[in-house]
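A.B. asks: Residue numbers (my numbering), protein chains in the order written: chain A, 35 to 120; chain B, 35 to 120; chain C, -15 to 138; chain D, -15 to 138.
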Amino acid sequence: MKTLELRYFARLRDALGCQAERVDVPADIDTPRQLIAWLRQRGGAWDSELSGQRPFRVAINQDMSQLDDPIPPGAEVAIFPPVTGG
Amino acid sequence: MKTLELRYFARLRDALGCQAERVDVPADIDTPRQLIAWLRQRGGAWDSELSGQRPFRVAINQDMSQLDDPIPPGAEVAIFPPVTGG
Amino acid sequence: MDAQVRISVQEADFDLTAEYAALRHGEQIGAIVSFCGLVRGWDGGVAMRLEHYPGMTERALLQIAHQAQARWPLTGITIIHRVGELHPGAQIVLVLTASAHRRAAYQANEFIMDYLKTEAPFWKQEVDATGGHWVDARETDQRARQRWEAEYDG
Amino acid sequence: MDAQVRISVQEADFDLTAEYAALRHGEQIGAIVSFCGLVRGWDGGVAMRLEHYPGMTERALLQIAHQAQARWPLTGITIIHRVGELHPGAQIVLVLTASAHRRAAYQANEFIMDYLKTEAPFWKQEVDATGGHWVDARETDQRARQRWEAEYDG
Chain A
35 MKTLELRYFA
45 RLRDALGCQA
55 ERVDVPADID
65 TPRQLIAWLR
75 QRGGAWDSEL
85 SGQRPFRVAI
95 NQDMSQLDDP
105 IPPGAEVAIF
115 PPVTGG
Chain B
35 MKTLELRYFA
45 RLRDALGCQA
55 ERVDVPADID
65 TPRQLIAWLR
75 QRGGAWDSEL
85 SGQRPFRVAI
95 NQDMSQLDDP
105 IPPGAEVAIF
115 PPVTGG
Chain C
-15 MDAQVRISVQ
-5 EADFDLTAEY
5 AALRHGEQIG
15 AIVSFCGLVR
25 GWDGGVAMRL
35 EHYPGMTERA
45 LLQIAHQAQA
55 RWPLTGITII
65 HRVGELHPGA
75 QIVLVLTASA
85 HRRAAYQANE
95 FIMDYLKTEA
105 PFWKQEVDAT
115 GGHWVDARET
125 DQRARQRWEA
135 EYDG
Chain D
-15 MDAQVRISVQ
-5 EADFDLTAEY
5 AALRHGEQIG
15 AIVSFCGLVR
25 GWDGGVAMRL
35 EHYPGMTERA
45 LLQIAHQAQA
55 RWPLTGITII
65 HRVGELHPGA
75 QIVLVLTASA
85 HRRAAYQANE
95 FIMDYLKTEA
105 PFWKQEVDAT
115 GGHWVDARET
125 DQRARQRWEA
135 EYDG
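Shown next as structure tokens:
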């Protein structure tokens, strides 16, 4: 098992009904792609929102990341919609 | 004959030693190119400064103009170095 | 070249004059470009709410500033972005770039705004009488950023 | 679109804040870009003297503003250029462009500066201990203007 700090923002946080959580994930979850698949197993909004039909972005330890980047143990992983500032 | 109001600026004014003059030119002088040729006949700095070796620009009635644009009777024709503002 | 870099994410309004004055010093600066983004009104619109990712936001803006600095000879960069509730007409973002040369100041400024729009974790919600509505990201902002990847700075 | 246009050629210094405030009104403006040009210092330099062609200068600046207006959707354009003797560090030129869209504001601003540098009848003289020296026009300014002739605005 490894522990991750997950954070959700904006439309995605509203849809998931979750702002932040600490999760223990199986030790073989090494990338955002694997983490997303694991979260989708929760079903409901988790499955539909993270299916990829609506775009989302992932940040690992507060850096924008790609779906196959490595997630270090204890990392803060944020999932959110494409940004719209400025 | 037609009368023109000539104006000179910046380095060219200094080199020609003339800021403004009213001249009567032959009636067949219709363009800046012809006017320049006529002015060069004065010799000295007039000939050398307007030979084209150093670039200059011409404005007719305060509009940037080309060497073969028509000069209306009574026009204000200005001759000056390329601009360097900003 | 070492640029003076200032980043701020804040609820408070900002003052263009003060930020401009802070970058204008010495005799080697030839150009200061500023960009002020304002909240536009829309039919039935009441306010814009800006959420962000505290910690990551400052980090992302600093990275964008450093990328600009690596790409153009700049003497100063200021990026200020407001969060919270903002009404139509309000100032929302300020970017200042100072350089010896005007093209560097212009290009760096536009580069920073294009990257900010696609890389900095801010999200807008339009508020009207029926509540808040999340704004979708725009394809044109993606394209605006992507042209910097292809473009050799001229 | 009808833009509010203000042109001034003056010896007096200008105030970015006041000019920015004058363009910032209504709820349809999303972006205001400002360019401030400053006099750079140089070895032995004492001052910069700016000569212009009264009458034609205002006319040329107005034409440049109208060209920008025809090319981009702008709500306001301000162009202020100083003349006379200016010391290193002094403000020399200010261009403000306001628009609903940031790209229009950026592009129009850079366009105006590129045209001003090649089309507006100003001439600079560098003054040092030995007297005044006319500054030659720069090839890079010509090229900066020419790219607008080829470029389809993106």
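Positions of the beta carbon are idealized from the N, C-alpha and C atoms, including for glycine.
With T62 (chain C) and L80 (chain C) assumed to form a contact (beta carbons below 8 angstroms), what rounded beta-carbon distance in angstroms separates them?
C.D. replies: 4 angstroms
A.B. asks: Leaving out five residues before and five after N93 (chain D) in sequence, what residues of the same chain have Cβ atoms less than 7 angstroms from its Cβ?
C.D. replies: Cβ neighbours of N93 (chain D) beyond the five flanking positions: V17, F19, V79, T81.
A.B. asks: Following the continuous beta strand (DSSP E) through M35 (chain A), name the residue where it begins and the one where it ends.
C.D. replies: Unbroken run through M35 (chain A): none, as it is neither H nor E.
A.B. asks: CB-CB under 7 angstroms to R45 (chain B), same chain, minus the five flanking residues each way: which ones, in chain order?
C.D. replies: P115
A.B. asks: Using a Cβ cut-off of 8 angstroms (strictly closer), state whether G21 (chain D) contacts chain B.
C.D. replies: yes
A.B. asks: Thinking C-beta only, is T65 (chain A) closer than 8 angstroms to P107 (chain A)?
C.D. replies: No. Outside cutoff.
A.B. asks: Kindly give me the distance between the Cβ atoms of A104 (chain D) and V111 (chain B), rounded to whole angstroms, as I take these residues to be in contact under 8 angstroms.
C.D. replies: No, A104 (chain D) and V111 (chain B) are not in contact; Cβ-Cβ is about 18 angstroms, not under 8 angstroms.
A.B. asks: In angstroms, rounded to a whole number, what distance separates the CA positions of A5 (chain D) and E35 (chain C)?
C.D. replies: Distance between A5 (chain D) and E35 (chain C), taken at the CA atoms: about 27 angstroms.
A.B. asks: Are there 16 or more other CB atoms within 10 angstroms of the CB of D125 (chain D), so buried, or fewer, so exposed?
C.D. replies: buried
A.B. asks: Have a look at C:E42, C:R131, C:S83 and flag the residue whose alpha-carbon is nearest the alpha-carbon of Q(-12) (chain C).
C.D. replies: C:S83
A.B. asks: Please list the terminal residues of the continuous beta strand (DSSP E) segment that includes A(-13) (chain D).
C.D. replies: Neither: A(-13) (chain D) is in no beta strand (DSSP E) and is coded neither H nor E.
A.B. asks: Determine, using beta-carbon pairs with one atom in the stretch 68 to 79 of chain C and one in the stretch -6 to 2 of chain D, whether at least three such pairs fall under 8 angstroms.
C.D. replies: no
A.B. asks: Since Q96 (chain B) meets chain D, which of its residues come closer than 7 angstroms, beta carbon to beta carbon?
C.D. replies: Scanning chain D for C-beta atoms nearer than 7 angstroms to the C-beta of Q96 (chain B) yields G39, M40, R43, reported in chain order.
A.B. asks: As an exercise, report each continuous beta strand (DSSP E) stretch of at least 3 residues that is fully enclosed by the stretch 35 to 72 of chain B, in chain order.
C.D. replies: 36 to 42, 54 to 59
A.B. asks: Measure the C-alpha to C-alpha separation of A54 (chain A) and P38 (chain C) and round it to an integer number of angstroms.
C.D. replies: 13 angstroms
A.B. asks: In chain C, which residues lie with their C-beta within 7 angstroms of the C-beta of G14 (chain D)?
C.D. replies: What G14 (chain D) touches in chain C, judged by beta-carbon distance under 7 angstroms, is G21, L22, R24, going in chain order.
A.B. asks: Indicate whether K36 (chain A) and A61 (chain A) have their beta-carbon atoms separated by less than 8 angstroms.
C.D. replies: yes
A.B. asks: Tell me, which residues are paired with I13 (chain C) by DSSP?
C.D. replies: Looking at the DSSP assignment, I13 (chain C) forms no beta bridge with any residue, so it has no partner.
A.B. asks: What first and last residue would you give for the beta strand (DSSP E) that runs through E35 (chain C)?
C.D. replies: Counting along the chain, the beta strand (DSSP E) containing E35 (chain C) begins and ends at 29 to 36.
A.B. asks: Would L69 (chain B) and V59 (chain B) qualify as a contact pair, given that the criterion is a beta-carbon distance under 8 angstroms?
C.D. replies: yes
A.B. asks: Would D137 (chain C) pass as an interface residue toward chain D - the criterion being a Cβ-Cβ separation below 8 angstroms?
C.D. replies: Because the pLDDT at D137 (chain C) is just 49, under 50, the model does not fix this residue reliably, and the point stays unresolved.
A.B. asks: If the cut is a Cβ gap below 9 angstroms, which residues of chain C does F43 (chain A) touch?
C.D. replies: E35, H36, Y37, P105, W107
A.B. asks: Secondary structure at A93 (chain B), three-state DSSP: helix, strand or coil?
C.D. replies: strand
A.B. asks: If we count Cβ pairs, one from each stretch, closer than 8 angstroms, do we get three or more for the stretch 85 to 92 of chain C versus the stretch 85 to 100 of chain A?
C.D. replies: By the Cβ test, the stretch 85 to 92 of chain C is not in contact with the stretch 85 to 100 of chain A, since fewer than three Cβ pairs between them sit closer than 8 angstroms.
A.B. asks: Could you work out which residues of chain C lie near V117 (chain A), taking near to mean beta carbons separated by less than 8 angstroms?
C.D. replies: K101, T102, E103, A104, P105, F106, W107, A121
A.B. asks: Please classify Q100 (chain B) as buried or exposed, where buried requires at least 16 other C-beta atoms within 10 Å of its C-beta.
C.D. replies: exposed
A.B. asks: Relative to the alpha-carbon of K108 (chain C), which residue among C:I13, C:H71, C:M40, C:I(-9) has its alpha-carbon at the smallest distance?
C.D. replies: C:H71
A.B. asks: If you measure beta-carbon to beta-carbon, which residues of the stretch 71 to 92 of chain C are closer than 7 angstroms to chain A?
C.D. replies: V77
A.B. asks: May I ask you to list the residues that DSSP assigns as paired with V111 (chain A)?
C.D. replies: For V111 (chain A), which the question treats as bridged, DSSP gives the partners A:L40, A:I94.
A.B. asks: Do you know offhand how far G138 (chain C)'s Cα is from H65 (chain C)'s?
C.D. replies: In this prediction, G138 (chain C) scores a pLDDT of 44, lower than 50, which makes its location untrustworthy; the coordinate-derived value is nonetheless stated afterwards. Straight-line Cα distance between these residues: approximately 28 angstroms.
A.B. asks: Taking only three categories from DSSP, how would you classify F(-2) (chain D)?
C.D. replies: coil
A.B. asks: Starting from I96 (chain C) and walking both ways along the beta strand (DSSP E), at which residues does that stretch end?
C.D. replies: Unbroken run through I96 (chain C) is the alpha helix (DSSP H), 86 to 103; no beta strand (DSSP E).
A.B. asks: Which whole-angstrom value describes the C-beta separation of I13 (chain C) and A49 (chain C), a residue pair presumed to lie in contact below a C-beta threshold of 8 angstroms?
C.D. replies: With 8 angstroms as the limit, I13 (chain C) and A49 (chain C) do not qualify as a contact, their Cβ atoms being about 17 angstroms apart.
A.B. asks: Let's see if you can read the secondary structure: which residues bound the alpha helix (DSSP H) around L46 (chain D)?
C.D. replies: 40 to 55
A.B. asks: May I ask which residues mark the beginning and end of the alpha helix (DSSP H) holding W26 (chain D)?
C.D. replies: Segment: none, W26 (chain D) is in no alpha helix (DSSP H) and carries neither H nor E.
A.B. asks: Under 8 angstroms, do R33 (chain D) and E69 (chain D) count as touching if we go by C-beta distance?
C.D. replies: yes
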